[in-house]
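Here the structure comes first, spelled out in structure tokens, and everything after it is commentary.
Protein chains in written order, with the working numbering: chain A, 90 to 340; chain L, 23 to 272; chain D, 174 to 411.
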């Protein structure tokens, strides 16, 4: 047991790398998601089709596969198009690129679902009291949509934390990468202890994210029924809505 | 003051409005009656440009708008002079009662915040909900929400207020409190166009009653005329059905 | 950057031979997870004293840690456990000859059980309380009301979530390559290394997964439509 605990301090410093790619992926992923969202709401069917096609592809691809494709493909792509050589780039770049692509698809669907579930009457009333369409969306619809998105954002963050661990495969030294290295160095003599120590870091982090979002939901609720009940997890609804509400795409 | 001329509207293959003409004078309380599916709500929504009519003209004061082709700017300007009351209230869920009212004033009409709050408080007092100014819509009953909705409309000092079945979503006990507010508005000379099933309100408060069925105006006239001696058989039939039922309950 | 379509095609065909293994590592854990997860969900909903607390800790751990870490833990502990168990029980076994797929299935089963237990719990909680009240009014007592009214409705409403879980599991099985398993991803790794053309190999494999996931998505959507047709409100067109 002490052995397990002794590994934790050895891994913790690398948490900064984990937070780094989680944060950057969120940032760029959200930007991409907003672009895709705009495309999904566009008038032209071709543009919409491309955006929905992208979301579908991202939804059906395992993280590992996309990671490999980005890792092996991005250098040659950038070399051919922009003449940029990133052969020696830090693994973080590839991890962030991979998850940015992923998040673009899933987060755009989350935002779209939340936006669509806001009663149309809210927007109508806003227009009737004299707001412009832009003001109506920014001041009335968007805040309500944000609140509805919180459980799904919680899921997204937890997903990012856990799937990001796969970065070790391409040499990323975050907490999982470090654990992998420690294990190799000790010839797998302490493999269980190392990985249990790793679990003991991930587990509380996941719980902290969950609690953090619940606090956010409480803070932002309009003194109304919360988006989810006290002890209920956020079930992965955005992919579900994407999978089973295909009729919405034609709208 | 408000004239609706020859409004046509179809949804797909169904023609819902087949050429509606309505005249509203300043201070009028026009009540539109009719069976469901007669197009009453659609007409009201077309007037406020929440739906786009297929053809027709809408005249408010000196301004005439093409009901179909009006530009965004024209509609925006039109809405500065009108207000709309929804059947399901449509209060802004993320704002409390006071801010629901100030929103249109501050953001839509550039009224300074302090002035807007003063106007909002006065409006809330007028509908008897001063103590609820910090409450959110989800904390209010249906009747309270609708009264806030009316306060929101009143605060904008519109030329005409359009009511789309304001009491249809309310419990019977709550209907009364909303009707009281509407009667008060009428007494104060507010120009109102009301789509409703509340016959009592129509009989007691309306200055003009319009009976619609199947997308056309069947008959219109003063409440006395319509309720005691309607000219058209369809009007008679409708009134008998509705009043007969309510008379049986009374 | 050159993309060689013929390489993609050949790896694609090779990868198809890994599909049965991928499906095995999806369907078996999923079945086990349904069988274990549903009772677990009921225990959690009913808040059975000791069991529900243990289960909740289990679920929290499985959902809070990355699956790859769980795979490492299982892969590195199960052989020893099996060895110890067999020695104690007197069974003669060569631990090294055990197919690693067993470990994969174990890891995925445990993980999926936790996920489905939560999904079923959500579904059970969403069944309208009025349903139980109505059931009791017509004479169905506690247990019968539960089994005849609540559980069927919970199962029916979980179909979308289950479909989601299966599709996620198909993608998760791609991590089995870390246990030297030659499933779809394993084959891609081998082929990529052999031809030194990693990009095409992984593009081919991404296509395989795309097809698999879309297939199951549509299967579940169909099942959902068929089974839940009576429960969705009719689409009224204005």
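The beta-carbon is built from N, C-alpha and C at its ideal position, and this holds for glycine as well.
Quiz item: Cβ of residue 281(D) within 8 Å of Cβ of residue 213(D)?
Solution: no
Quiz item: When DSSP builds the beta bridges, which residues end up paired with residue 241(L)?
Solution: 233(L)
Self-check item: Environment of residue 242(L) [buried if 16+ CB atoms lie within 10 Å]
Solution: buried
Quiz prompt | Secondary structure of residue 235(A), DSSP reduced to three states | solution = helix
Exercise. Compare the Cα-Cα distances from residue 246(L) to each of 143(L), 261(L), 146(L) and 44(L) and report the closest residue.
Key: 261(L)
Quiz prompt | Three CB pairs or more closer than 8 Å across the region 202-212 of chain A and the region 131-143 of chain A | solution = no
Practice problem: Give a yes or no on whether 8 Å exceeds the smallest Cβ distance from residue 62(L) to chain A. | Solution: no
Exercise. Please decide whether residue 386(D) counts as near chain A, where near means a Cβ-Cβ distance under 8 Å.
Key: yes
Quiz item: Any contact of the region 339-353 of chain D with the region 177-191 of chain D, i.e. 3+ C-beta pairs under 8 Å?
Solution: no
Quiz item: Cβ atoms of residue 214(A) and residue 237(A): under 8 Å apart, would you say?
Solution: no
Quiz item: Going along the region 95-121 of chain A in order, which residues come within less than 8 Å of chain D, judged by CB to CB distance?
Solution: none
Exercise. May I ask you to report which of helix, strand or coil DSSP gives residue 287(D)?
Key: helix
Quiz prompt | Proximal residues of chain A, C-beta to C-beta of residue 284(D) below 9 Å | solution = Here the premise fails: no neighbours, minimum Cβ distance about 11 Å.
Quiz item: For residue 311(D), which residues of its own chain have a beta-carbon under 7 Å away from its beta-carbon, when the five flanking residues on both sides are left out?
Solution: none
Quiz item: Going along chain L, which residues have a C-beta under 9 Å from residue 228(A)?
Solution: 114, 116, 117, 125 and 129
Practice problem: Classify residue 247(A) as buried or exposed, calling it buried when 16 or more other Cβ atoms lie within 10 Å of its own Cβ. | Solution: buried
Quiz item: On the premise that residue 382(D) lies in contact with residue 344(D), defined as a C-beta separation below 8 Å, what is that separation, rounded to the nearest angstrom?
Solution: 7 Å
Exercise. On a CA-only basis, which of 121(A), 302(A) and 291(A) is nearest residue 103(A)? Give me that one, please.
Key: 291(A)
Quiz prompt | residue 271(D) - DSSP class collapsed to helix/strand/coil | solution = coil
Self-check item: residue 32(L) to residue 191(L) span [Cα, whole Å]
Solution: 26 Å
Quiz item: Excluding five sequence neighbours on each side, which residues of the same chain lie with their C-beta closer than 7 Å to the C-beta of residue 88(L)?
Solution: 79
Quiz prompt | Rounded straight-line distance, which links the Cα of residue 42(L) to that of residue 114(A) | solution = 57 Å
Quiz prompt | Contacting residues, own chain, Cβ-Cβ under 6 Å from residue 158(L) (five flanking each side not counted) | solution = 118
Quiz prompt | Nearest to residue 244(L) (by Cα), restricted to the options 225(L), 213(L) and 76(L) | solution = 225(L)
Self-check item: Stretch-stretch touch, CB-based, cutoff 8 Å, three pairs: the region 186-204 of chain L with the region 98-116 of chain L
Solution: yes
Exercise. Compute the Euclidean distance between the alpha carbons of residue 70(L) and residue 216(A), then round it to the nearest angstrom.
Key: 10 Å
Practice problem: Give a yes or no on whether 8 Å exceeds the smallest Cβ distance from residue 239(D) to chain A. | Solution: yes
Self-check item: Within chain A, the residues that residue 110(L) reaches when beta carbons sit closer than 7 Å
Solution: 210
Quiz prompt | Under 8 Å between C-beta atoms of residue 355(D) and residue 194(D) | solution = yes
Quiz item: Just checking, does the region 222-240 of chain A make contact with the region 184-204 of chain A on the three C-beta pairs under 8 Å criterion?
Solution: yes
Self-check item: DSSP state of residue 307(D) mapped onto helix, strand, coil
Solution: helix
Self-check item: Proximity of residue 232(A) and residue 116(L) at Cβ, strictly below 8 Å
Solution: yes
Quiz item: At least one CB of chain A closer than 8 Å to the CB of residue 379(D): is that the case?
Solution: yes
Quiz item: What three-state label does DSSP hand residue 267(A) in the structure shown?
Solution: helix
Quiz prompt | Cutoff 8 Å: residue 256(D) Cβ touching any chain A Cβ | solution = no
Practice problem: Report yes or no: is there a C-beta of chain A within less than 8 Å of the C-beta of residue 185(L)? | Solution: no
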